[in-house]
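Residue numbers (the working numbering), protein chains in the order written: chain B, 1 to 199; chain F, 1001 to 1199; chain W, 2001 to 2199; chain X, 3001 to 3199. Beta carbons are placed, not taken as given, at the ideal position from N, Cα and C, and that holds for glycine. Only a predicted model underlies this, so the values are computations on that prediction, with no experimental measurement involved.
There are 4 protein chains.
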Amino acid sequence: MVLSPRKLPKQGRARATCDAILEAAAHIIARSGLAAFNTNAVAERAGVSIGSLYQYFPNKDALMVALIQRQQQGQLDTLMAAAATIDPAADLQTVVRALVRAAMQHHRTDDLLATAIDHEEARLPVDDLIGHYLDQGGMLVAALLANFQDQIGPVEPQVAARTLPALVRAVTDAWANLTPPQLDTAEDEAVKAVLGYLR
Amino acid sequence: MVLSPRKLPKQGRARATCDAILEAAAHIIARSGLAAFNTNAVAERAGVSIGSLYQYFPNKDALMVALIQRQQQGQLDTLMAAAATIDPAADLQTVVRALVRAAMQHHRTDDLLATAIDHEEARLPVDDLIGHYLDQGGMLVAALLANFQDQIGPVEPQVAARTLPALVRAVTDAWANLTPPQLDTAEDEAVKAVLGYLR
Amino acid sequence: MVLSPRKLPKQGRARATCDAILEAAAHIIARSGLAAFNTNAVAERAGVSIGSLYQYFPNKDALMVALIQRQQQGQLDTLMAAAATIDPAADLQTVVRALVRAAMQHHRTDDLLATAIDHEEARLPVDDLIGHYLDQGGMLVAALLANFQDQIGPVEPQVAARTLPALVRAVTDAWANLTPPQLDTAEDEAVKAVLGYLR
Amino acid sequence: MVLSPRKLPKQGRARATCDAILEAAAHIIARSGLAAFNTNAVAERAGVSIGSLYQYFPNKDALMVALIQRQQQGQLDTLMAAAATIDPAADLQTVVRALVRAAMQHHRTDDLLATAIDHEEARLPVDDLIGHYLDQGGMLVAALLANFQDQIGPVEPQVAARTLPALVRAVTDAWANLTPPQLDTAEDEAVKAVLGYLR
DNA sequence: AATGAATGAGAATTCATTCAT
DNA sequence: AATGAATGAATTCTCATTCAT
């Protein structure tokens, strides 16, 4: 099955329509899960006709793949933005905290969406797509940690790119799902976990 | 909607049928994901009629809930079995390695099933069910780690019960999804991550 | 794509349902052509739910294939019935007239259905199915004409099975589409055409 | 519904566009049958926008009617060209062979297109159109056969115009669909069939 | 004139669920 | 208790047609 988008709208209304569809899809999954994710609901929420949705995405899975890509790109963007703000003279803990914050930004919210994307990444043939973003993210993280080779073990970029966000998510989820949620503690604990792992 | 099973047969043919249905459901999700999970397919694979499936489960979500419960129970069983084999005089690293092995047993396989259950746990009203197993697992882990209060920080049972398996899974996934997979390294790294986090 | 029927109901209600669906499909095409042939209309006219239709036929093309088979079987049945009534001592013209009558029975009516089936036979992968019926029909015709080897040329069964009904149809259509239609003449002319061709 | 073309451009770019559309329609049907014949596909293959297609044809059926007309005109042209080359002193068999060749030119190829047009002619209100071409063709054939009234029966032009091509097609198809196809034999057999019918 | 994005009715197909046997 | 045919609402997807640019 073809899973690539039908058109790659660079500009104007088409781009806006395409974005609205992806946004609507993300919203529906985040609110009600994969069970409520259907193309009619997406089109309606996006405020476009069902026909338009299929102009941009040849089928439902292609829409999901685009959503995965969007999510990956978003994470990479967040990571790059975080990296850009890090003081080159910062110490290891500060760097890690910045990374943790970047990762948390994407996981503290939308557990339903995050788990949905995890599942769909495992179901759909998106290895190349994921690999690409892992490479990008891994290189970035490796570069940020390169100054600290004396304090930490060797960093395998692909492994780091997978492990660190997942560690953060593991810890964050644990603290966020307590009653009451303890998000502040979550960040501290996540930093501890990452540092513990790296050393 | 009613999400509890219609019957909880403890023994005999009914129990076998019920198990066959859950086994079939798990198999289908593990093979093809949530998108392929439907009651007719489950009944067919289980070798029972669709009518029989609805004798045991009032609706599809109830079947999913039972699957979640089964998974949680399985994890707890594995953990308890692991705990039973641990030498009371073992050191921290040995205990952690035993816990890691128990956790890996459930996550190394069936990424599709594991992510599906994550998603459905977030979607369905199973907080009480999850809480129960977290309590059980948390108490067990806390007890196992009680001897090492001098080497590690304080252990919040519910948090530990959520975090440790998730940490293991994070690390395991990262190493398992390399090409080629490096499952042996995964275990060592997971132990490191857990120890790093606990200290 | 799978084009074989989902079930081959031998008996009872299922067989009746299956027949009703095929009958409805034939009726709709005969009345309004391929453009009006859709599964919802077929199910409605057959008096069954759309779900039931898909219990018996996995998709629309499979329904069409079943219709083709039904048509071929019907023609063969008609031919066999005609053959059974032929006096073994009959002369060539009498035999040919019986064959012509059998062929006309299927073509005088339902031009829309006949042309639709012609088209779909060319579109769908039904060569084996058609071949089977051509063999059967060809053998029957060859046997009927075997007594007249002195009056006619050699008869290639497959060719005869294709040619004779088509000849009949060609002539029949020509006379039937005059205004007013001249069906009586059609039969005489068709006999002439076939005899002319055989000699 | 209006089925006549919006414009009948005799020349220039518009005529070329119109031809390209009809050519594309014929190609799609010939390749994939009526099931794949849709206006968007036709426009794309013709290299024009869907809007332009609707400038020339008010709806899909009108496009089909134009295709039928094109086909009929093509056959008439072929027939006229064939007639023009016939030696006035030629004998019956030679004349018939020329007619057969003309008819075969249109039917040997594109079984899918030919059967599609047959079906659509039966579905759409094109009696007048068909009648016109039958008259033209019938007159031509009658004229060609007028010299041979002693060798053949009386020729009804409309009947002849319908019957002869259909006879040719019947015989041609039978021989062409053998494995391997025997196109050379087909022509001889078609001549025999036509002569047999005329006498 | 030409374009092609957008529309939405409608067609194909699925699947959760019921119920007569 | 078990069966599985039947249902039909819901879902995916198509395609004839329009219309703003």
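Boundaries of the alpha helix (DSSP H) around N1040 (chain F): T1039 to A1046. Boundaries of the alpha helix (DSSP H) harbouring T3017 (chain X): G3012 to S3032, taken from the DSSP string. Here A2098 (chain W) is buried, its C-beta having at least 16 other C-beta atoms within 10 Å. In this structure, L2067 (chain W) lies away from A2114 (chain W), with their beta-carbon atoms at least 8 Å apart. Measuring C-alpha to C-alpha distances from D1135 (chain F) to each of F:T1163, F:Q1151, F:I1152 and F:D1118 identifies F:T1163 as the nearest.
Ranked by Cα distance from R13 (chain B), the first of B:Y56, B:N40, B:L34 and B:A35 is B:Y56. Burial is judged here by how many other beta carbons sit within 10 angstroms of a residue's own beta carbon; D3118 (chain X) has at least 16 and is buried. Annotated as distal: Q2072 (chain W) and L2140 (chain W), with beta-carbon spacing of 8 Å or more. Contact residues of the region 119-144 of chain B toward chain F are H119, A122 and R123 (C-beta to C-beta distance below 7 Å).
When CB distances to chain W are screened at a threshold of 9 Å, the residues of the region 3161-3172 of chain X falling below it are A3161, R3162, T3163, L3164, P3165, A3166, L3167, V3168, R3169, A3170 and V3171, in chain order. Taking CB atoms only, T115 (chain B) has a neighbour in chain F less than 8 Å away. Residue state for V1126 (chain F) is assigned as coil, using DSSP reduced to three classes.
At the C-beta level, A3170 (chain X) and L2167 (chain W) come within 8 Å of one another.
In its chain, beyond the 5 residues on either side, L134, G137, G138 and V141 have a beta carbon closer than 7 Å to the beta carbon of A161 (chain B). Taking 8 Å as the CB threshold, D2184 (chain W) stays off the interface with chain X. Secondary structure at R2097 (chain W): helix, using DSSP grouped into helix, strand and coil.
Around the beta carbon of T2172 (chain W), 16 or more other beta carbons sit within 10 angstroms, so the residue counts as buried. Within the same chain, A3116 come within 6 Å of L3034 (chain X) by CB-CB distance, once the 5 residues on both sides are set aside. Between the alpha carbons of R2199 (chain W) and G3196 (chain X) lies a gap of roughly 8 Å. Residue-level contact check: Y54 (chain B) does not touch chain F, since none of the beta carbons of chain F fall below 8 Å from its beta carbon.
K2007 (chain W) and A1036 (chain F) have their C-alpha atoms some 22 Å from each other. Taking C-beta separations shorter than 6 Å and ignoring five residues to either side along the sequence, P154 (chain B) has no partners in its chain. At a cut-off of 8 Å between beta carbons, L1092 (chain F) makes no contact with chain B. Burial state of A3084 (chain X) is exposed, judged by a 10 Å Cβ sphere holding fewer than 16 other Cβ atoms.
For Q71 (chain B), the uninterrupted alpha helix (DSSP H) segment begins and ends at K60 to T85.
Among the residues of chain X, none has a CB under 7 Å from the CB of N2038 (chain W); the nearest is roughly 12 Å distant. By the rule that beta-carbons nearer than 8 Å mark a contact, R3199 (chain X) touches chain W. Within a 10 Å sphere around the beta-carbon of Q151 (chain B) sit fewer than 16 other beta-carbons, which makes this residue exposed. One alpha carbon belongs to A3043 (chain X), the other to P2180 (chain W), and they sit about 41 Å apart.
Taking C-alpha positions only, V3095 (chain X) is separated from M3104 (chain X) by approximately 14 Å. Taking a 10 Å sphere around the C-beta of A3024 (chain X), we find 16 or more other C-beta atoms and assign the residue as buried.
From the beta-carbon of N3177 (chain X), the residues of chain W found nearer than 7 Å are R2162. Counted as a single uninterrupted DSSP element, the stretch harbouring V2155 (chain W) is not any alpha helix (DSSP H), since DSSP gives it neither H nor E. About 7 Å separates the Cβ atoms of L2124 (chain W) and M2064 (chain W), confirming a contact at the 8 Å cut-off.
If you ignore the 5 residues before and after A1020 (chain F), its C-beta comes within less than 8 Å of the C-beta of A1046, G1047 and V1048, all in its own chain and listed in chain order. By the rule that beta-carbons nearer than 8 Å mark a contact, Q158 (chain B) touches chain F.
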